[in-house]
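Student: Residue 346 in the numbering used here is what sits at position 354 of the sequence shown, and the numbering runs on without skipping anything.
For each residue, glycine too, the CB sits at the ideal point set by N, CA and C.
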Amino acid sequence: MSQPLNMARLLLISTALVAPAAMAQNAAPTPPVTSGTPTQSEEEDAQAGRIDVSIPGSDIIVTGRRTSNVSQAAPQVVNVLSAADIKRTGEGDIAGSLQRVTGLSVVSGGYVYVRGLGDRYSLALLNGSPLPSPEPLKRVVPLDIFPTSVIASTLVQKSYSANFPGEFGGGVINLTTKAIPVESYLELSVGSSANTETSGQLGYTYYGAKSDWTGFDDSSRDVPPLLAEAFKSGVPFSNIPRGDLQAISMQFLNAKTSVLQRTNSLPFNFSGSLNGGTSFDVGSDGRMGLLLTASYSNKWRTRETLQQASTDLSQAPGKTGTQVNTDNEITVNALFGVGLELGEQKIRWTNVYIRDTLKRGALSLGQNNGEIEGADYMKQNTAWYERQLIDTQLVGEFKLGDALSLDMRGGYANSQREAPYEREFEYVRTNRPLAIDPVGDRFINALNRQRGDASITFSDLTEDLWSAGADLSYKFSPALTLTAGYAFSDTKRSSSRYELHFDATNLPIGAQQMRPDYLLSDAAIQLYDMTLLDFSGNYPVYDAALRVHAGYGQVKAELVPGVTVDAGVRYEKGKQSVTGIDVYNTGVTPVNKIDKSYWLPAATVTFEAAKGLQFRISGSKTIARPQFRELIAQPYIDTESNRFYRGNPFLQDSILWNAEARAEWYMGRDERLTLAGFWKKIDNPIETYTTINDKYDVTTSFANAPEATLYGAEIEAQKYLPLDGWSDAAFFQSRRIVLIGNYTYTQSKLKVSDGDTTIPYSYTTGALPAASDYFQDGVPLTGQSDHLVNFQIGLEDTDRLSQQTLLLTYASPRVTSRGPNLQPDIKEKPGLTLDFVARQAVKLPGGINSEFKFEARNITGRKFQEFQELDGNKVFYNRYKIGTTIAASLTVAF
-7 MSQPLNMARL LLISTALVAP AAMAQNAAPT PPVTSGTPTQ SEEEDAQAGR IDVSIPGSDI
53 IVTGRRTSNV SQAAPQVVNV LSAADIKRTG EGDIAGSLQR VTGLSVVSGG YVYVRGLGDR
113 YSLALLNGSP LPSPEPLKRV VPLDIFPTSV IASTLVQKSY SANFPGEFGG GVINLTTKAI
173 PVESYLELSV GSSANTETSG QLGYTYYGAK SDWTGFDDSS RDVPPLLAEA FKSGVPFSNI
233 PRGDLQAISM QFLNAKTSVL QRTNSLPFNF SGSLNGGTSF DVGSDGRMGL LLTASYSNKW
293 RTRETLQQAS TDLSQAPGKT GTQVNTDNEI TVNALFGVGL ELGEQKIRWT NVYIRDTLKR
353 GALSLGQNNG EIEGADYMKQ NTAWYERQLI DTQLVGEFKL GDALSLDMRG GYANSQREAP
413 YEREFEYVRT NRPLAIDPVG DRFINALNRQ RGDASITFSD LTEDLWSAGA DLSYKFSPAL
473 TLTAGYAFSD TKRSSSRYEL HFDATNLPIG AQQMRPDYLL SDAAIQLYDM TLLDFSGNYP
533 VYDAALRVHA GYGQVKAELV PGVTVDAGVR YEKGKQSVTG IDVYNTGVTP VNKIDKSYWL
593 PAATVTFEAA KGLQFRISGS KTIARPQFRE LIAQPYIDTE SNRFYRGNPF LQDSILWNAE
653 ARAEWYMGRD ERLTLAGFWK KIDNPIETYT TINDKYDVTT SFANAPEATL YGAEIEAQKY
713 LPLDGWSDAA FFQSRRIVLI GNYTYTQSKL KVSDGDTTIP YSYTTGALPA ASDYFQDGVP
773 LTGQSDHLVN FQIGLEDTDR LSQQTLLLTY ASPRVTSRGP NLQPDIKEKP GLTLDFVARQ
833 AVKLPGGINS EFKFEARNIT GRKFQEFQEL DGNKVFYNRY KIGTTIAASL TVAF
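#1: Run through DSSP, which three-state label would leucine 780 get?
#2: Starting from phenylalanine 223, trace the alpha helix (DSSP H) both ways and give me its first and last residue.
#3: Would you kindly work out how many angstroms separate the C-alpha atoms of glycine 477 and serine 610, rounded to a whole number?
#4: For tyrosine 345 and valine 420, which I take to be in contact (beta-carbon distance under 8 Å), what is that distance rounded to the nearest angstrom?
#5: Would you tell me roughly how many angstroms separate the C-alpha atoms of glutamate 159 and glutamine 380, rounded to the nearest one?
#6: Take the Cβ of glycine 660 as the centre, count every other Cβ of all protein chains shown within 10 Å, and call the residue buried at 16 or more, exposed below.
#7: Touch check for the region 749 to 760 and the region 705 to 715: three-plus C-beta pairs under 8 Å?
#8: Under the rule that 16 or more other beta-carbon atoms within 10 Å means buried, what is asparagine 317, buried or exposed?
#9: Pull up the distance between the alpha-carbon of serine 794 and that of valine 182, whole angstroms please.
#10: From which residue to which residue does the alpha helix (DSSP H) around lysine 248 run?
#11: By a C-beta neighbour count over all protein chains shown, 10 Å radius and 16 as the cutoff for buried, is alanine 14 buried or exposed?
#12: Is glycine 162 closer than 9 Å to isoleucine 47 when the C-beta atoms are compared?
#13: Which of helix, strand or coil does DSSP assign to asparagine 870?
#14: Counting pairs of Cβ atoms below 8 Å between the region 261 to 277 and the region 170 to 181, do you hit three or more?
#15: Can you give the Cα-Cα distance for asparagine 676 and valine 583, rounded to whole angstroms?
#16: State the DSSP-derived secondary structure class of threonine 883, mapped to helix, strand or coil.
#17: If I measure Cβ to Cβ from phenylalanine 527 and keep anything under 6 Å in the same chain, skipping five residues before and after, which residues do I get?
#18: Would glutamate 336 be called buried (16 or more neighbouring beta carbons within 10 Å of its own) or exposed?
#19: My output table needs one value for isoleucine 172: the three-state DSSP class, helix, strand or coil.
#20: Considering only the alpha carbon of each residue, which of Ser125, Pro134, Val45, Pro217 lies closest to glutamine 149?
#21: Taking C-alpha atoms, which residue in Ile172, Phe208, Leu284 lies nearest to glycine 278?
#22: By a C-beta neighbour count over all protein chains shown, 10 Å radius and 16 as the cutoff for buried, is isoleucine 889 buried or exposed?
#23: In the DSSP output, what is lysine 845 paired with across the bridge?
#24: Could you give the distance in angstroms between the alpha-carbon of serine 646 and the alpha-carbon of leucine 123?
#25: Tell me which same chain residues have a C-beta within less than 7 Å of the C-beta of threonine 249, skipping the five on either side of it?
#26: Compute the Euclidean distance between the alpha carbons of lysine 873 and glutamine 857, then round it to the nearest angstrom.
#27: For threonine 701, which beta-bridge partners are listed by DSSP?
#28: For aspartate 204, which residues of its own chain have a beta-carbon under 7 Å away from its beta-carbon, when the five flanking residues on both sides are left out?
#29: Taking Cβ to Cβ, would you say leucine 258 is nearer than 9 Å to threonine 190?
#30: Alpha carbon to alpha carbon, how far is valine 251 from glycine 353?
#31: Please go through the same chain and pick out, in chain order, the residues whose beta-carbon is closer than 8 Å to the beta-carbon of arginine 507, but skip the five residues on each side of it.
#32: With DSSP as the reference, label phenylalanine 642 as helix, strand or coil.
#33: For alanine 549, which residues does DSSP report across the bridge?
#34: I'd like to know whether the C-beta atoms of glutamate 861 and lysine 819 end up nearer to each other than 9 Å.
#35: Determine the burial state of tryptophan 376: buried for a count of at least 16 other Cβ atoms within 10 Å of its Cβ, exposed for fewer.
#36: Report the option in Phe450, Phe468, Pro532 whose CA atom is closest to the CA atom of asparagine 577.
In structure tokens form, the structure reads like this:
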């Protein structure tokens, strides 16, 4: 007989719409579908065995009475998602799966941060080898490119151990690819999404080239031959004959890159992917596997952004304007893997290709009292950003006996970023009486940088990374293992940026009113005797390099029953340099070097007080090196914030001292309650700061603050509530409610004393500036929120894929940059985000397995706000509506 449900239970079930954790705001790629969803008992059996984790010098094997939870059994503070765990999440990509891990956040584009710290303190590895980002201006890689079908496990480690690279701040994320598929599979996914602020709405685009929809330029945007020759010649543009400069100007691709077009209804987003894998026997005890995944996505995003700047927050902004910005992002990804197992010997060859292209069109209108007071300034921008990563890795894991094991790994990666034809046109309307200014009621461009301007920028960046490592482990007994290892990496980058401005003298009034392509037509260039001015600076080309040698020793031992220690020390020597190339033969070549070595100790002690209850204490020393983008003194545009950044070649390494204590109570499989306190002291932390000149041009750069401390606490709870006891109805027999929540409280502050100094990018000679000119004592670190809350409530079926997820995320305001001239800091207000995700296995005609996914992101319509505030007066650096995104997709397994 069925048991009746009371009203309270019905209300609880109606609100339990389950979720993979809380921070992604973009629709993730469609998840893979397996031929059958494993039952909960099957997944538990799989978890009780060996979990495949490929990291430097370490195996995680869950054995004995502590097999019920990997996090409990590991010697460090870790979360490990096995293949069974990943399937249970229902996510189609690793970024989505990681949303369930405490302390991890996923920001736009699938970038995963550990414990809320920015990309400077997050490290991603693939099979234990470095995994660079396809965006060379970012450190972290977008993990949504990895479908769950090719990943055997994902390890997240928050406490440092010596087998990992020393650049370890918040934590490390290590992906281990499957060596051998258990069974052959082929999956096809298609999906579409729409955003309330973009899809079907007005936006701005430009023609570009016929092949733009593919994400590949058809060579239309190649640097013109005459301009390429001028770059190579080493002759300053001021010394090039005017006629030659006009010839260069007439080779530019004109109308296709300079005519901004209004699109009244932007299309919906589209994505598709193909995943497959197979395996076969090799010899008597060998097996080989092949994995392949490929995907394509085409997304649109329009933002109507309020942008302001002020040098006096007590008054109205000196510069204010609204920009409508339309980005068309085309992403092409591929992964090919080969695995070979010969007995206990395992070899993986993994190849990753990522290409992410952004095509941008923007139109803005505003006023700038730093130039002509009361005048209106209209700017249009067109741009094309190509970002690409090619990565290949070879990993061998060898058992040389019952107690001896050897791991070897090597890899090569190439990252590229090309931004040809970044065009900007500025037209000015003075709004003066016609008696004073005959064209005061019209927008004109005199090409003199006072009443109008036109510029074109070409930038190119290439980076090569070689890495290798070897780790040797010997198990003296089940309670004692010693490991020693060596790691090497060599990174080289070349970056160029040339900014050219068109210049005309006494341009006729009629010509000043022409649209951009007519204004810069071949006829106009010759008729009005235009020329080109070089605004690239003395060093438009920079080379950068980082070479790291490291060795470590580590011991894992059970001192007495219930007390284990994982301790080691790493020696790491790094040589980092940034060299300005003397392109124009000035005789000066600026070189900045960081040549330092470090001893980095780490230890974690775990005490098992009772079954399911344990305590950990850990301490370590780690470092954070400046990123190349922060060291190279070239300006670049961050496409997310629409702001200019400039590197600082005077940056130094940061040193971190880390400590943590935590209590962990494991109530049952996948159920836990943890409480932790953590503390960090950072010497020479790298902070962002903003400057504003008298024309209200905003530039953000980086500098070392003297010192900072950070401390906080986090609590996490995860509980499953089976519904089979609530009713005899078949619907409830295999379903359960999932409750997951975590809260992180963090406080940080800079320490700035009299006599402390810093070196900004603008420093030339003389006494070093006081640190108090840029940083205030007691203010929080950039990027740190006092409060982070994630809450998930959902309903899921343990026998088949059926999930409904409601997820809530809150982050309190955080500093994005130090304020100019010791003004209040620039802050972002992330606020509250509400998402809903539903996944359902569906049988198609013919018995074909498939999965349908529905997503609603940012249901409450949260806005993005970045601002300064003083006495209730706000100046918005960026404010726009994010919009609500609705997405649907279908995945079919053959």
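Tutor: Taking the coordinates as given:
#1: strand
#2: In the DSSP annotation of this structure, the continuous segment of the alpha helix (DSSP H) that includes phenylalanine 223 starts and ends at 217 to 225.
#3: 22 Å
#4: With 8 Å as the limit, tyrosine 345 and valine 420 do not qualify as a contact, their Cβ atoms being about 45 Å apart.
#5: 24 Å
#6: exposed
#7: no
#8: buried
#9: 19 Å
#10: 247 to 250
#11: Here alanine 14 scores only 33 on pLDDT, less than 50, and its place in the model is too uncertain to base an answer on.
#12: no
#13: strand
#14: yes
#15: 21 Å
#16: Strand, per DSSP.
#17: Glu491, His493
#18: exposed
#19: coil
#20: Val45
#21: The residue among Ile172, Phe208, Leu284 with its C-alpha nearest the C-alpha of glycine 278 is Ile172.
#22: Only positions -7 to 886 of the chain appear in the structure, and residue 889 is not among them; the question remains open.
#23: Arg831, Ser881
#24: 22 Å
#25: So the list reads Tyr198, Gly200, Thr374, Tyr413, Arg415, once near-sequence residues are dropped.
#26: 9 Å
#27: Lys673, Lys741
#28: Lys351
#29: yes
#30: 10 Å
#31: Val251
#32: The DSSP-derived three-state label of phenylalanine 642 is coil.
#33: Residue pairing by DSSP places alanine 549 opposite Leu472, Val557 in a beta bridge.
#34: yes
#35: With 16 or more Cβ atoms within 10 Å of its Cβ, tryptophan 376 is classed as buried.
#36: Among Phe450, Phe468, Pro532, the Cα nearest to that of asparagine 577 is on Pro532.
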